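Peer 1: In my numbering, the protein residues as written are 111 to 577.
Cβ coordinates follow ideal geometry from the N, Cα and C atoms, glycine included.
Nothing here was measured: the structure is a model prediction, and the numbers come from that model.
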Ligand code: 6PG
């Protein structure tokens, strides 16, 4: 066996899948796990690929097996266990070695860890990996944040294992330290919004228009042949076709309506607000998950007030146009967070490149991302996707449909945290003069905060209420 080119530590679902992907693409890899008994089982499972995998029974042995400067990819929880791992590994590494955190990490932790390793002349890479187990095994989309030196050494391996779009690997170095993990976090925020949007559409079709899950699956499958084509549209159509074997009921009816979340959607919202942005569609989706977990409260409120949903008419073509507009707005909000973070942290993020590496392998892969990449290459007015001529049609045709849909649905008692947030955001941004003059008057009245005037330069003006 060739000397291992990289070590993988942590043979859970994602670590195992990445190691097998590497071996399959001709990369020789050494592996280890905290509990060493996982290693022989993993090698068994690897079959022929085990010829390119060297199993090690401890972290020390793994480090010993890697030729310096080492590449060590770690797939363990990116929270406290990652810090404990770094305490253990730092004394064993040599200057120039790179540790790669391939989990979903809070990018603030990644920045802190990169600074910590730099004190030891070590590199720390935050690698966002998207695509779930299947992606990790056969081709994920990967968002790398780290030093150019680490990228030079890593990119042949990452490019070999990445998903491909028209032959181009879906991986890029996006910036230093936390940049990759931040982009992955926003990816997940968009993922949350897109999933919730599809759930809202399901709700309207099922309980407003009386369609069966299979009829809704048929509509979604049809949409998936057009501009709405995406992995999430496809899998939503797929899951709605299943029945529960035990009861014969639609599977979706047998699943408890309380959604989990591991935190990346919430992080997106927190960071957006910190950056002075507000990704209201993502917030809507995070809120919907939080409210979904409050089952007893919802049941009591339903008993007290009654459920509100009433019948509505649905036209699938109009709904498709409304969803298309909402999806444009969802991405527009996500990219605004990225642009602001890039500015605040001086990362130099390239939005077109990000859209390109999201075109295959990741959970939010969608046909629209090719247009988004092109829109950013053109340089949209104000840097805003919202103003890109490439999406003018989708918005011009879709917004009236979204307005009709939201209006009708709200009147019929449906809750649409994401679709209504999309419309509200668009209507706010299209209004050259908004409501903030009243806020400024209130602020001046209550706290003498001062305001700017439309007809004079400078600030610090006060209202007649102070005379
Ligand atoms: C991906 C996904 C993945 C995420 C799951 C679950 O890009 O492959 O985003 O990283 O962990 O989708 O996320 P939640 O449990 O928060 O829904």
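Could you name the residues that DSSP lists as bridge partners for residue 183?
Peer 2: 118, 210
Peer 1: Taking 6 Å as the cut-off, is the CB of residue 473 close to at least one heavy atom of the ligand 6PG?
Peer 2: yes
Peer 1: Return the Cβ separation of residue 121 and residue 148 in integer angstroms, given the expectation that the two are a contact with Cβ distance under 8 Å.
Peer 2: Indeed they touch by this definition, with Cβ atoms about 5 Å apart.
Peer 1: Using the DSSP secondary-structure output, state which residues sit across from residue 561 in a beta bridge.
Peer 2: Residue pairing by DSSP places residue 561 opposite 571 in a beta bridge.
Peer 1: Inspect the CB distances between the region 262-281 and the region 321-340 and report whether three or more fall short of 8 Å.
Peer 2: no
Peer 1: If you reduce the DSSP assignment to three classes, tell me which class residue 419 lands in.
Peer 2: Note: residue 419 maps to coil in three-state DSSP.
Peer 1: Which partner residues does residue 252 have in the DSSP bridge list?
Peer 2: 239, 281
Peer 1: When burial is assigned at 16 or more other CB atoms within 10 Å of the CB, is residue 365 buried or exposed?
Peer 2: Of the residues assessed, residue 365 falls on the exposed side of the cut-off, its CB having fewer than 16 other CB atoms within 10 angstroms.
Peer 1: Please report how far the alpha carbon of residue 472 lies from the alpha carbon of residue 412, in whole angstroms.
Peer 2: 38 Å
Peer 1: Which residue's Cα is closest to the Cα of residue 563: 115, 548, 255, 494?
Peer 2: If you compare the alpha carbons of 115, 548, 255, 494 with that of residue 563, the shortest gap goes to 548.
Peer 1: DSSP state of residue 275, grouped into three classes?
Peer 2: strand
Peer 1: Applying the 10 Å Cβ sphere with the 16-neighbour rule, what's the burial state of residue 481?
Peer 2: Under a 10 Å Cβ-count criterion, residue 481 is classified as buried, with 16 or more other Cβ atoms of the shown protein chains found around its own Cβ.
Peer 1: Identify whether residue 165 lies in helix, strand or coil by the three-state DSSP scheme.
Peer 2: strand
Peer 1: Mind the definition here: the region 205-214 touches the region 187-196 only if three or more C-beta pairs lie below 8 Å; say whether that holds.
Peer 2: yes
Peer 1: Is residue 340 helix, strand or coil when you go by DSSP?
Peer 2: strand
Peer 1: My output table needs one value for residue 234: the three-state DSSP class, helix, strand or coil.
Peer 2: strand
Peer 1: Let me check you understand the geometry: is the CB of residue 135 closer than 6 Å to at least one non-hydrogen atom of the ligand 6PG?
Peer 2: no
Peer 1: Can you list, in chain order, the residues of its chain with a C-beta nearer than 8 Å to that of residue 243? Leave out the 5 residues immediately preceding and following it.
Peer 2: Around residue 243: 123, 124, 127.
Peer 1: Taking all protein chains shown into account, decide if residue 503 is buried (16 or more other Cβ within 10 angstroms of its Cβ) or exposed.
Peer 2: It is exposed - the Cβ of residue 503 has fewer than 16 other Cβ atoms within 10 Å.
Peer 1: Classify residue 141 as helix, strand or coil using the three-state DSSP reduction.
Peer 2: strand
Peer 1: State the start and end residues of the unbroken alpha helix (DSSP H) segment that holds residue 312.
Peer 2: 289-313
Peer 1: Look at the Cβ atom of residue 118, then the Cβ atom of residue 133, and state whether they are nearer than 7 Å.
Peer 2: no
Peer 1: Here's the rule I'm using: 16 or more other beta-carbon atoms within 10 Å means buried, otherwise exposed. How should residue 457 be labelled?
Peer 2: Residue environment for residue 457: buried (at least 16 other C-beta atoms within 10 angstroms of its C-beta).
Peer 1: Cβ-heavy atom distance between residue 298 and the ligand 6PG below 6 Å?
Peer 2: yes
Peer 1: The ligand 6PG and residue 155: does any heavy atom of the ligand fall closer than 6 Å to the residue's C-beta?
Peer 2: no
Peer 1: Report the three-state DSSP secondary structure of residue 476 (helix, strand or coil).
Peer 2: strand
Peer 1: In terms of DSSP beta bridges, what is residue 353 paired with?
Peer 2: 360
Peer 1: May I ask you to report which of helix, strand or coil DSSP gives residue 536?
Peer 2: helix
Peer 1: Can you tell me whether DSSP reads residue 510 as helix, strand or coil?
Peer 2: helix
Peer 1: With a 10 Å radius around its C-beta and 16 neighbouring C-beta atoms as the bar for buried, classify residue 378 as buried or exposed.
Peer 2: buried
Peer 1: Taking the alpha helix (DSSP H) that residue 152 falls in, what are its first and last residues?
Peer 2: 148-156
Peer 1: If distances are taken between C-alpha atoms only, which option among 505, 285, 159 comes closest to residue 247?
Peer 2: 159
Peer 1: Would you tell me roughly how many angstroms separate the C-alpha atoms of residue 576 and residue 568, rounded to the nearest one?
Peer 2: Roughly 19 Å separates the two Cα atoms.
Peer 1: Hey, is the region 443-458 in contact with the region 388-396, meaning 3+ C-beta pairs nearer than 8 Å?
Peer 2: yes
Peer 1: Taking a contact to mean a Cβ-Cβ separation below 7 Å, would you say residue 233 touches residue 257 in this structure?
Peer 2: yes
Peer 1: Hey, would you say residue 420 sits closer than 7 Å to residue 522, going by beta carbons?
Peer 2: Yes, they are a contact pair.
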